[in-house]
Amino acid sequence: MRIAVFRKAHFNAAHRLHNPSWSDAKNDEVFGLCNNPSYHGHNYELEVKVVGEVDPETGYLIDLKILKDIIKEEVEQRFDHKNLNIDTEEFKTLNPTAENICFVIWKLLRAKLDEKYDLSVRLFETPRNFVEYPA
Ligand code: NI
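Counting with my numbering, you get residues 134 to 268 for the letters of the sequence shown.
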């Protein structure tokens, strides 16, 4: 039986959308309030979807404790209560848009998850704005 299992998580983080190769005027024009030099914060909500075959012996697709711990170690401990631009290696040079954060999280989780599972990640930057990888 092929099935999907979901785990939700959240983290709070600050960021600034900025392209250093552009002028201040162009950054302001493109990113607006998100370019605020003093940064701003979001309550990010994460939905992680794991798809695969149920193990007939356990009845599990994946032990949710294991998935919970992977998300905690790879995402929450890395990004929660951080300034993404300043405090994290991942976004020192990569613009921390919801798109890029979602993809980075997918890569971090993918590296820790058994290859037999399919993985997708949905990241809510606000209750109404969210992105998903893979598309
Ligand atoms: Ni923002």
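We treat Cβ as the ideally placed atom computed from N, Cα and C, and that holds for glycine.
Residue i by DSSP, collapsed to three states: which one?
i                 : result
glycine 192       : coil
aspartate 247     : coil
leucine 197       : helix
phenylalanine 224 : coil
Could you check how far apart the C-beta atoms of residue i and residue j are, in whole angstroms? I think they sit under 8 Å.
i                 : j                 : result
phenylalanine 263 : leucine 256       : 6 Å
tyrosine 266      : phenylalanine 224 : Tyrosine 266 to phenylalanine 224, Cβ: 16 Å. No contact.
alanine 201       : arginine 140      : Contrary to the premise, residue 201 reads as lysine rather than alanine in this sequence. With a Cβ gap of about 6 Å, lysine 201 and arginine 140 count as contacting.
leucine 246       : valine 254        : That pair is no contact at about 11 Å.
Taking the beta carbon of residue i as the centre, do at least 16 other beta carbons fall within 10 Å, making it buried, or is it exposed?
i              : result
valine 163     : exposed
isoleucine 238 : buried
arginine 149   : buried
Which residue or residues does DSSP assign as beta-bridge partners of residue i?
i              : result
asparagine 176 : Asn145
lysine 215     : Ala146
lysine 240     : In the DSSP output, where bridge partners are listed per residue, lysine 240 has none listed.
Taking 7 Å as the cut-off, is the beta-carbon of residue i closer than that to any non-hydrogen atom of the ligand FAD?
i             : result
histidine 214 : You won't find the ligand FAD in this model; what it holds is the ligand NI.
Answer yes or no: does any C-beta atom of chain C fall closer than 8 Å to that of residue i?
i             : result
aspartate 202 : No chain C appears in the structure shown, which is made up of a single protein chain.
Below 8 Å, can you find three or more Cβ-Cβ pairs linking the region 164 to 175 to the region 183 to 197?
-> no
Specify whether the region 207 to 214 and the region 138 to 148 touch according to this definition: at least 3 beta carbon pairs, one from each stretch, less than 8 Å apart.
-> yes
Could you tell me whether the region 186 to 201 touches the region 147 to 161, using the rule of 3 or more Cβ pairs below 8 Å?
-> no
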